[in-house]
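J.:
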Amino acid sequence: MNDQASEASEVNHANIVFLTHSGADSGAEQSVVTYLSSWPRIEPRPLLLLGASGAIEPRAEAAGLDFRTLPLDPSAGATNRQERRISRLAASLIGLLRHSTKVRRVLRERSADVVVPISLKSLVFGWLAGRRAGTTVVWSLHDRVDRRYFSWFLVPALRYLVPRLVDGILVNSRSTLATIRPGRTPVIVATPAIALDPRDFHETGDEVRRVVMLARLSPWKGQDVFLRAFARAFEGSPAEAFIVGGALFGETEYEQSLKTLVAELGIADRVHFVGHVQDPWAALVDADVLVHASTIPEPFGQVVVQGLWARCAVVASTPGGPAEVITDGVDGLLTPCGDVDALAAALRRLRTDHDLRLSLARHGHVTGGLYDAAVAAPVLDAWLANLHMGAVEQGSVRGVFPQRS
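See the structure below:
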């Protein structure tokens, strides 16, 4: 960490613009807001350029960030499944190309050095705008590039072509990095930014009373897997389950199916659907166990670090980013993606073994403390500035946070 701080202090600061097509208060946007909240207090301050109004705006305003909303044409901003068809993709692409002209003007007005698109749509208009404005373009990739995340025709382009069209790549885990072929393009591995909450979190009691799953409602996040495992592991127990998160991208049918499922499992009186929350830490203050149950490999899973820091006993799915953070049996438990039986067995262990819960919570708190955004932001700032000045070695891979031995 001292080497990272030294590196950050030895370079100039670039004029940086982060781009997203969205205004949603979702993981990628939250991470950028958190990073920028911890950014070095030296001018010029980075700009967050949003493609739509939304719940992320009050979060950015409360953090005192420099942000602007530059609304996308509606044809470019559609996100539901029907509008992912190729026939609709063409109209969306035209809208994104038009938007690139607006973004280019902003880049030139600010004399931007570096532009960092943090979503796939913003990569399209951000890359074109950046090239036309003469800026360094850094692709922020926070999803694994495979067909479970992207359409079949996008995977080859994202894996092989896009890395060679940009000047640098920011990835959120080595698991994500393994799904692309960057070639000679420099890479920095920096996990999503997490501002560690200073409040006091409780020590786990003799019994598990509160089990929390914190994620947006989506089939691949595995809320159904969690509910089935919870029903098995805590049968006859007073433990309650809290599903924290909303259907941010129109997946309301899945939300309804979960409510039907808890009725079928006979646990409706012990399951609480909290919805989307602005403050995830409030959901963790009194939690005994945090469950991460993604059915496919998670790119990173910042909620895992949040749960560790909050002194929860954490159960997370593997493979994927969580396995880069958790040492199984030391600071958390790992179970295979989508495996209800394995998750139920892990929860049963935590229900019956108080000493294990206490040990995981204590060691997990130490592990979570290693991932503070205040550590990573200056290093990322330095890397982006060095990249712009041509001082980053081609083909290099830079890691920010501690790597597992």
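Under this note's numbering, the letters of the sequence shown match residues 489 to 893, in that order.
Backbone N, C-alpha and C fix where the C-beta goes; we use that ideal spot for every residue, glycine too.
Remember, it's a predicted structure, so these values are computed and weren't measured experimentally.
Determine, using beta carbons only, whether L684 and D860 come nearer to each other than 8 Å.
T.: On the sequence shown, residue 684 is found 196 positions in, with the first residue counted as 1. On the sequence shown, residue 860 is found 372 positions in, with the first residue counted as 1. Going by C-beta atoms, L684 is nearer than 8 Å to D860.
J.: What span of residues does the beta strand (DSSP E) with S628 cover, start to end?
T.: By one-based count along the sequence shown, residue 628 stands at place 140. That run of the beta strand (DSSP E) goes T624 to L629.
J.: Please list, in chain order, all residues of the same chain as A703 whose beta carbon is under 6 Å from its beta carbon, the five residues on each side excluded.
T.: Position 215 of the sequence shown, counted from the first residue, corresponds to residue 703. Only K709 and G733 meet the Cβ criterion.
J.: Do G763 and F788 have their CB atoms nearer than 8 Å?
T.: Taking the sequence shown and counting its residues from 1, one reaches residue 763 at position 275. Taking the sequence shown and counting its residues from 1, one reaches residue 788 at position 300. Going by C-beta atoms, G763 is not nearer than 8 Å to F788.
J.: To the nearest angstrom, how far is the alpha carbon of V603 from that of P807?
T.: Counting from 1 along the sequence shown, the entry for residue 603 is found at position 115. Counting from 1 along the sequence shown, the entry for residue 807 is found at position 319. Going from the Cα of V603 to the Cα of P807 covers about 31 Å.
J.: Counting along the chain, where does the beta strand (DSSP E) carrying A751 start and finish?
T.: Reading the sequence shown from its first residue, position 263 is the one you call residue 751. Counting along the chain, A751 falls outside any beta strand (DSSP E), though it belongs to the alpha helix (DSSP H) covering T740 to L753.
J.: Taking the beta strand (DSSP E) that D554 falls in, what are its first and last residues?
T.: Numbered from 1 along the sequence shown, position 66 holds the residue referred to as residue 554. The continuous beta strand (DSSP E) containing D554 extends over residues D554 to T557.
J.: Secondary structure at G614, three-state DSSP: helix, strand or coil?
T.: For the purposes of this step, residue 614 is identified with residue 126 of the sequence shown, where counting begins at 1. G614: helix per DSSP, three-state reduction.
J.: Let me know if W871 comes out buried or exposed under the rule of 16 or more other beta-carbons within 10 Å of its beta-carbon.
T.: As a working mapping, residue 871 is identified with position 383 in the sequence shown. Result: buried.
J.: Across which residues does DSSP place D860 in a beta bridge pair?
T.: For this step, residue 860 is matched to residue 372 along the sequence shown. DSSP, once it has assigned bridges, lists I682 as partnering D860.
J.: Would DSSP call R698 helix, strand or coil?
T.: Here residue 698 corresponds to residue number 210 of the sequence shown, with the count starting at 1. Strand, per DSSP.
J.: Mind reading off the beta-carbon distance from Q690 to V773? Whole number of angstroms is fine, and I expect it under 8 Å.
T.: Walking along the sequence shown from the start, residue 690 turns up at place 202. Walking along the sequence shown from the start, residue 773 turns up at place 285. For clarity, residue 690 is His in the given sequence; the question names Gln instead. Right, the Cβ-Cβ distance comes to about 7 Å (below 8 Å), so this counts as a contact.
J.: Flag this pair as touching only if the region 554 to 562 and the region 711 to 721 have three or more C-beta atom pairs under 8 Å; answer yes or no.
T.: Pairwise C-beta distances place the region 554 to 562 out of contact with the region 711 to 721, as fewer than three of them are shorter than 8 Å.
J.: Can you give me the C-alpha to C-alpha distance between E728 and V818, rounded to a whole angstrom?
T.: Here residue 728 is taken as the residue at index 240 of the sequence shown, counted from 1. Here residue 818 is taken as the residue at index 330 of the sequence shown, counted from 1. Roughly 25 Å between the two C-alpha positions.
J.: Looking at C-alpha atoms only, which residue of L821, V626, R845 and G542 is the closest neighbour of A804?
T.: Position 316 of the sequence shown holds residue 804. Checking every option, the nearest Cα to that of A804 belongs to L821.
J.: Are the beta-carbon atoms of W769 and R836 separated by less than 8 Å?
T.: Here residue 769 is taken as the residue at index 281 of the sequence shown, counted from 1. Here residue 836 is taken as the residue at index 348 of the sequence shown, counted from 1. No, the Cβ-Cβ distance between W769 and R836 is not below 8 Å.
J.: Around the C-beta of R569, are 16 or more other C-beta atoms found within 10 angstroms, so that it is buried, or is it exposed?
T.: Sequence index remark: in the sequence shown, residue 569 carries index 81 (1-based). In this prediction, R569 has a pLDDT of 44, which is less than 50 and means its spatial position is unreliable; what the coordinates show is noted afterwards. Under this definition R569 is an exposed residue.
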